[in-house]
Every structure is written in C-alpha cells, then in structure tokens.
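Asks:
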Amino acid sequence: MTDTDSTLHAASAYVTPNDSKKLQINIDSQPMALVMLNLPLVHIDTDFFESLWNKSKIRICADGAGNRLYEFGLKSNCLEKYIPSAIVGDLDSLLDKHKDYYVSKGTKIIWYKDQSSTDFQKSLRYLGLLEEPEAELDNKKSEKQIHTVVVLGGFGGRLDHTLHVLKVLLNECNYRRIIVISESNLTFALPKGKNTILINKKVDGPACGILPLAGECKLTTTGLHWDMVDHISSVTGFMSTSNLIEEDIITVDSTEDVIWTCEFLIEPKNV
Ligand SMILES: Nc1ncnc2c1ncn2[C@@H]1O[C@H](COP(=O)(O)OP(=O)(O)OP(=O)(O)O)[C@@H](O)[C@H]1O
Ligand SMILES: Cc1ncc(C[n+]2csc(CCO)c2C)c(N)n1
Numbered sequence: 003m004t005d006t007d008s009t010l011h012a013a014s015a016y017v018t019p020n021d022s023k024k025l026q027i028n029i030d031s032q033p034m035a036l037v038m039l040n041l042p043l044v045h046i047d048t049d050f051f052e053s054l055w056n057k058s059k060i061r062i063c064a065d066g067a068g069n070r071l072y073e074f075g076l077k078s079n080c081l082e083k084y085i086p087s088a089i090v091g092d093l094d095s096l097l098d099k100h101k102d103y104y105v106s107k108g109t110k111i112i113w114y115k116d117q118s119s120t121d122f123q124k125s126l127r128y129l130g131l132l133e134e135p136e137a138e139l140d141n142k143k144s145e146k147q148i149h150t151v152v153v154l155g156g157f158g159g160r161l162d163h164t165l166h167v168l169k170v171l172l173n174e175c176n177y178r179r180i181i182v183i184s185e186s187n188l189t190f191a192l193p194k195g196k197n198t199i200l201i202n203k204k205v206d207g208p209a210c211g212i213l214p215l216a217g218e219c220k221l222t223t224t225g226l227h228w229d230m231v232d233h234i235s236s237v238t239g240f241m242s243t244s245n246l247i248e249e250d251i252i253t254v255d256s257t258e259d260v261i262w263t264c265e266f267l268i269e270p271k272n273v
C-alpha cells in the first residue's frame, strides 16, 4: 500500500477505539504512553478518554495536569479509576491536596527543578528513563521499547506553550511518534522525506494544514483539495492552511520536518 521508504502515519486509527483500519495494518504494535498537559478536560468525550487511558501502558500528568485529572475524576465520579503512573514537573502548579491523594494511591511524583525546560519536556524526559532497558540479565539486554505518546491538551490557552508543544513535536519526530489531541485537532510532525497519512473521514478533517515550522521547505502532496507540487513553503512565505482532505490516503513529501494538523472530532455518544 505504501512505498517502502515512506513513513506511515495512522494516528487517528491508533487513538480511535474500534477503527477498522487497525485490522489492515499492525498499528497497535507500539505501546502507548498518555501525557496530559495542564489544560481543561471539559471538552473530551468521557468514553474516548477511558479508551485512551485503558490503552496506555504509562500515564503521566505534566505538573498542573494532575489538578485537571483530579477535578475531572471528582466530577465524573471516577477519581479512583484514573490514577496516573507519575506526575512530573517543577511542581509549581500541582496542589498539595491532589499530590497527597495520588501519592496515597501509588503515583510517583517526579521533581525536576530546572527552569529551562517545560513540564511537557520533563514528562518526556521521565518517559525516556522508563524506557531504558533493565540492567543486563544473563548477559542479555532487554530491548528498549519506544512508546508512541498521545498528548492530551496541547493547544489553546497560552500561545507560548502552544508553540512550544509544536517545537517539541519537531524536535522528537525522528525519534518517537507523538500525537497531540486538542479540543478539535489531531496534530503530529512529519519527518522530512515521504510520508503517508491514513485518514478516517468519520473523525479526521475536512480542514487540514501543513505547517513548515522547522524552516522553508519544498512540498509535494496528493489527496488534498489544494495539492502542491514542489511548492516552496515557509512561515513568512506560502503556508498551506485551510486545505481540505479529499482522499482516504494523503501523501506528503517534504524537504524539511513539518507539522500536519487536521480537524478531529469524536462524536460524543448519547447526543
Ligand atoms: N495555558 C496553557 N496553554 C497551553 N498549554 C499549557 C498551558 N498551561 C500549561 N500548558 C501545558 O501543560 C504543561 C504543564 O502545565 P503547568 O502549568 O504545570 O506548566 P509550567 O511549565 O509550569 O508552565 P509555566 O510556564 O506557567 O510555569 C506545560 O508544560 C504546557 O505544555
Ligand atoms: C531565555 C529563557 N527564557 C525563558 C526561560 C524560562 N523558562 C523556560 S521553560 C521554564 C519552565 C516552565 O515551567 C521557564 C521558567 C528561561 N529559562 N530562559
């Protein structure tokens, strides 16, 4: 289905429960880690949240996200159900009452005091430590397992934080998959070269954009309403925003790492 040298992205199938595309490709092979950021959880469908939570092997709250999770748990009567593996950060936002509760339930509190990385970066740093193979056993080193990170709440709120999350997606895109789910978007980085994006029109689109935030690049695409052929794109020059998804498979060939973003809507049940 795809060129062998093309990077396959099946983000919406990966995060959506019971997506039939999962049957076609083995996208569940990478374990999921959930990283929650400090933004309101009010917009998220509770069934969708539960499915993400259950699929995740590791659940990390970035500092103040611990407060959000606590309030969400209290309001939806499932405080005990959602106990994070760790709360990570400089811990200037986490309330003592919430910290004490989660500690009593087994959550690890990880304090990184530096003031030059965000709590999102600190959360990824901690995840990296968890991924380190155990000490050698019988002269065999267990293999390092890289998680796909699903981030809840990356955008909206403060613009500096929002841009910082995008920067981190670009920084990490040649190392691990990170998928950001925000109020109405699904966003991830495409490493330079050929990319194939599998679309589920029930939840993805129609609006989408390709953001050349790592610098000027040349783009060739298929499957979009306004496709590009060797089109120069940059933040101060031409940038493809308000484009539309036409096909179930989109291809993007880029000379630089870029951000892919599309509308994403999980219809809440019982509405
Ligand atoms: N208003 C916001 N808008 C967007 N993202 C946010 C916002 N507030 C927090 N975040 C995200 O959630 C993470 C954890 O939030 P928290 O408020 O604990 O962060 P912080 O890094 O201490 O921020 P600050 O710069 O306010 O000290 C941040 O690293 C950031 O990625
Ligand atoms: C030039 C420069 N600008 C800003 C910060 C501050 N800063 C960046 S990330 C972070 C942690 C937020 O929790 C803080 C305080 C710095 N250190 N250096």
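Numbered according to this note's numbering, the sequence shown terminates at residue 273, and the numbering increases by one at each position without gaps.
Glycine included, each C-beta is placed from N, C-alpha and C at the ideal position.
If we count the other Cβ atoms within 10 Å of its Cβ and call it buried at 16 or more, is leucine 25 buried or exposed?
Replies: Legend: pLDDT at leucine 25 = 48, less than 50; position of this residue unreliable, no value from coordinates given.
Asks: Is any non-hydrogen atom of ligand 2 found closer than 8 Å to the C-beta of serine 118, if you look at the structure I gave you?
Replies: yes
Asks: Is leucine 188 helix, strand or coil by DSSP?
Replies: strand
Asks: Nearest-angstrom Cα distance between valine 205 and serine 14?
Replies: 8 Å
Asks: Given this structure, state the Cα-to-Cα distance separating histidine 45 from phenylalanine 122, to the nearest angstrom.
Replies: So the alpha carbons of these two residues sit roughly 20 Å apart.
Asks: Assign proline 214 to buried or exposed, taking buried as 16 or more other Cβ atoms, counted over all protein chains shown, within 10 Å of its Cβ.
Replies: buried
Asks: Go through its chain and collect everything with a Cβ distance to asparagine 245's Cβ below 8 Å, but skip five positions before and after it.
Replies: Ala209, Cys210, Gly211, Ile212, Leu226, His227 and Trp228
Asks: Alpha carbons only, please: which of Pro135, Val37 and Arg70 is nearest the one belonging to valine 151?
Replies: Val37
Asks: Who's in the neighbourhood of ligand 1, going by beta-carbon under 5 Å from any heavy atom, listed in chain order?
Replies: Spelled out in chain order, the answer is Leu39, Asn40, Ala64, Asp65, Gly66, Ser95, Thr120, Asp121, Phe122, Gly159, Arg160 and His163.
Asks: Helix, strand or coil for phenylalanine 51? Go by DSSP, reduced to three states.
Replies: helix
Asks: Within the present structure, is the beta-carbon of glycine 91 separated from the nearest heavy atom of ligand 2 by less than 8 Å?
Replies: Glycine 91 Cβ: within cutoff of ligand 2.
Asks: For a quick check, are the C-beta atoms of leucine 188 and isoleucine 181 less than 9 Å apart?
Replies: yes
Asks: Leaving out five residues on either side along the sequence, give the residues of the same chain with a beta carbon under 6 Å from the beta carbon of alanine 67.
Replies: Met38, Leu39 and Asn40
Asks: Looking at the structure shown, is asparagine 245 part of a helix, part of a strand, or coil, going by DSSP?
Replies: When secondary structure is reduced to three states using DSSP, asparagine 245 falls in the strand class.
Asks: Measure how close the beta-carbons of leucine 76 and tyrosine 84 come, nearest whole angstrom, since I'm counting them as under 8 Å.
Replies: 10 Å between Cβ atoms; not a contact.
Asks: Looking only at its chain, what residues have a beta carbon closer than 7 Å to the beta carbon of leucine 168, apart from the 5 residues adjacent to it on each side?
Replies: Leu215 and Ile261
Asks: Is it buried or exposed, serine 125, if we count other Cβ atoms within 10 angstroms and call 16 or more buried?
Replies: buried
Asks: Which residue marks the beginning of the alpha helix (DSSP H) containing glycine 158, and which one marks its end?
Replies: Per DSSP, glycine 158 is not a residue of any alpha helix (DSSP H), being assigned neither H nor E.
Asks: Measuring straight from C-alpha to C-alpha, what distance separates glutamate 269 and phenylalanine 50?
Replies: Near 10 Å, if we compare the C-alpha coordinates of phenylalanine 50 and glutamate 269.
Asks: Got a sec? Which residues, its chain only, sit under 7 Å from aspartate 232 by beta carbon, not counting five neighbours each side?
Replies: Residues Lys220 and Thr222 of the same chain have their beta carbon placed closer than 7 Å to that of aspartate 232, with the five preceding and five following residues left out of the count.
Asks: Identify whether phenylalanine 266 lies in helix, strand or coil by the three-state DSSP scheme.
Replies: Note: phenylalanine 266 maps to strand in three-state DSSP.
Asks: Which residue's Cα is closest to the Cα of asparagine 173: Glu249, Lys107, Thr198 and Pro193?
Replies: Pro193
Asks: Alpha carbon to alpha carbon, what distance is there between tyrosine 103 and leucine 200?
Replies: 41 Å
Asks: What does DSSP give as the partner residue(s) for serine 58 in the beta ladder?
Replies: Met34
Asks: Residue ranges of each alpha helix (DSSP H) run of no fewer than 4 residues wholly in the segment 94 to 144, ordered along the chain?
Replies: Runs of the alpha helix (DSSP H) inside the segment 94 to 144: 98 to 106 and 121 to 133.
Asks: By Cβ distance, which residues of its chain are closer than 7 Å to glutamine 147, with the 5 residues on each side in sequence left out?
Replies: Pro33 and Glu133
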